[in-house]
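Anchor point for the sequence shown: position 121 equals 132 in our numbering, and the numbering is continuous, going up by one each time. Yeah, the Cβ is synthetic: ideal placement off N, Cα and C, and Gly gets one too. Report on one structure; see the data block that follows.
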Amino acid sequence: MDRLVGEWGVGYLKLDHNIDPGSGTSAHPGESAGAGLLGHNRAHLDWLDGILDRHPHLVVENCASGGMRWDHALLSRLQLQSTSDQQNLHRYAPIAASAPTAVTPEQGAVWAYPQPEDSLDEVAFTMASGLLGRIHLSGLLPELGPEARALVHEAVAVYKAVRADLPGAVPSWPLGLPGWDDPWIALALYTPDTTYLTVWRRPGGEATTTVRLPERSGGAACVEVLYPAARQAVAAWNPDTADLTVTLPAAPSAALLRITRTEPDAP
Numbered sequence: 012m013d014r015l016v017g018e019w020g021v022g023y024l025k026l027d028h029n030i031d032p033g034s035g036t037s038a039h040p041g042e043s044a045g046a047g048l049l050g051h052n053r054a055h056l057d058w059l060d061g062i063l064d065r066h067p068h069l070v071v072e073n074c075a076s077g078g079m080r081w082d083h084a085l086l087s088r089l090q091l092q093s094t095s096d097q098q099n100l101h102r103y104a105p106i107a108a109s110a111p112t113a114v115t116p117e118q119g120a121v122w123a124y125p126q127p128e129d130s131l132d133e134v135a136f137t138m139a140s141g142l143l144g145r146i147h148l149s150g151l152l153p154e155l156g157p158e159a160r161a162l163v164h165e166a167v168a169v170y171k172a173v174r175a176d177l178p179g180a181v182p183s184w185p186l187g188l189p190g191w192d193d194p195w196i197a198l199a200l201y202t203p204d205t206t207y208l209t210v211w212r213r214p215g216g217e218a219t220t221t222v223r224l225p226e227r228s229g230g231a232a233c234v235e236v237l238y239p240a241a242r243q244a245v246a247a248w249n250p251d252t253a254d255l256t257v258t259l260p261a262a263p264s265a266a267l268l269r270i271t272r273t274e275p276d277a278p
């Protein structure tokens with residue numbers, strides 16, 4: 012590892028760690044399988060600590076076999092945590108939305124994986140899933156059509172514009188924690204003055220839903236559709252109830268919105 016980093020200049024490691032240790036090991040005389048497994052885990056952590064102590068600028072992702080290991084011992088050490096290797100855009104939405112229950116938004120790596128056969132709404136749906144996490148761009152990007160590539164470029168630009176706010180934002184789930192088959196899913200990250208809201212519409216629901224944002228209650232607000240700018244998302248804010256009515260005509264489709272507190276007009 013020292014050679015990879017020190018001589019070859021590797022700056023990013025993705026540790027997939029695809030093993031199944033079972034109940035553990037009892038290789039040492041008189042040791043139980045559980046004690047052996049704990050010893051193995053601690054040795055792995057010691058190895059990681061040594062690498063990061065010697066190479067503090069190295070970025071290590073805990074891929075963990077597609078997000079299968081989220082224990083605090085690893086989350087407290089490694090800069091990134093893979094949320095999933097799920098390639099089905101419909102199924103990734105609840106994973107991305109619920110990820111902040113276990114990992115900070117800036118640490119949760121979301122796989123943005125647009126496919127050449129995807130519709131433009133599906134490309135935007137896929138890209139939107141990563142905008143309130145740590146976007147991991149992948150897939151057959153050179154095979155995308157011009158409009159699909161433009162949506163990818165747009166998503167990355169929007170992510171770069173908002174990512175500085177993510178480490179200080181607090182997550183909330185205005186439609187409740189997502190169910191696996193929910194037609195509407197919502198994840199909000201809010202700061203004192205701004206709420207970022209990703210909404211996903213999957214097949215099976217109405218075109219319009221109402222999202223309650225109590226952290227923005229008691230005042231006027233400006234609502235912007237940050238992504239995708241050229242699609243058909245419509246949002247209307249009700250300052251009296253702190254409700255946001257969102258319409259996404261197509262299913263599947265998704266949008267990232269920004270709700271900013273505004274001062275009331277002077278008399």
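Where residue i sits in the DSSP three-state scheme
i	result
Ala-172	helix
Gly-119	strand
Ala-262	coil
Asn-249	strand
Arg-14	helix
Val-167	helix
Trp-58	helix
Pro-189	coil
Val-134	helix
Leu-151	coil
Thr-205	strand
Arg-160	helix
Arg-212	strand
Val-21	coil
Gly-50	helix
Met-64	The question names Met, yet the displayed sequence has Asp at residue 64. Residue state, collapsed to three classes: helix.
Ala-44	helix
Thr-112	helix
Arg-80	coil
Ala-244	coil
One or two residues paired with residue i in a DSSP bridge
i	result
Arg-145	Ala-120
Ala-232	Arg-272
Val-222	Leu-255
Arg-182	The displayed chain sequence assigns Pro, not Arg, to residue 182. Paired residue(s): Leu-200.
Asn-73	Leu-26, Gln-92
Trp-195	Arg-212
Tyr-238	Leu-267
C-alpha gap between residue i and residue j, whole angstroms
i	j	result
Pro-116	Val-173	12 Å
Asp-192	Thr-220	16 Å
Ala-218	Ile-106	22 Å
Thr-256	Leu-48	51 Å
Glu-42	Asn-52	15 Å
Pro-40	Ala-46	12 Å
Asn-29	Tyr-23	18 Å
Leu-70	Thr-202	Note that residue 70 is Val in the sequence shown here, rather than Leu. Cα to Cα, the separation comes out at about 27 Å.
Ala-175	Val-169	11 Å
Arg-272	Thr-252	14 Å
Pro-260	Gln-243	7 Å
Ala-199	Tyr-207	6 Å
Val-236	Thr-258	12 Å
Ala-231	Leu-186	22 Å
Leu-26	Gln-98	19 Å
Asp-96	Met-12	25 Å
Ala-38	Gly-17	34 Å
Supposed contact pair residue j and residue i - C-beta distance, whole angstroms, cut 8 Å
i	j	result
Pro-111	Gly-119	7 Å
Ala-265	Thr-209	7 Å
Ser-140	Ala-84	Between Ala-84 and Ser-140 the Cβ distance is about 27 Å, and since that is not below 8 Å, they are no contact.
Leu-143	Leu-177	7 Å
Ala-123	Ser-149	7 Å
Glu-128	Pro-263	With 8 Å as the limit, Glu-128 and Pro-263 do not qualify as a contact, their Cβ atoms being about 14 Å apart.
Met-138	Ala-161	Contact doesn't hold; Cβ gap of about 11 Å is too wide.
Val-163	His-147	In fact, because the Cβ distance is near 13 Å, the residues do not count as touching under 8 Å.
Neighbour flag for residue i against chain D, beta carbons, 7 Å
i	result
Ala-231	This model lacks chain D altogether; it includes just one protein chain.
TODO: Pair every Cβ in the region 61-79 with every Cβ in the region 89-102, then say whether three or more of these pairs are closer than 8 Å.
DONE: yes
- [ ] Determine contact between the region 239-254 and the region 178-187, defined as no fewer than three beta-carbon pairs at a distance below 8 Å.
- [x] no
Task: Inter-stretch contact (C-beta, 8 Å, three-pair minimum) for the region 66-76 and the region 148-161 - done: no
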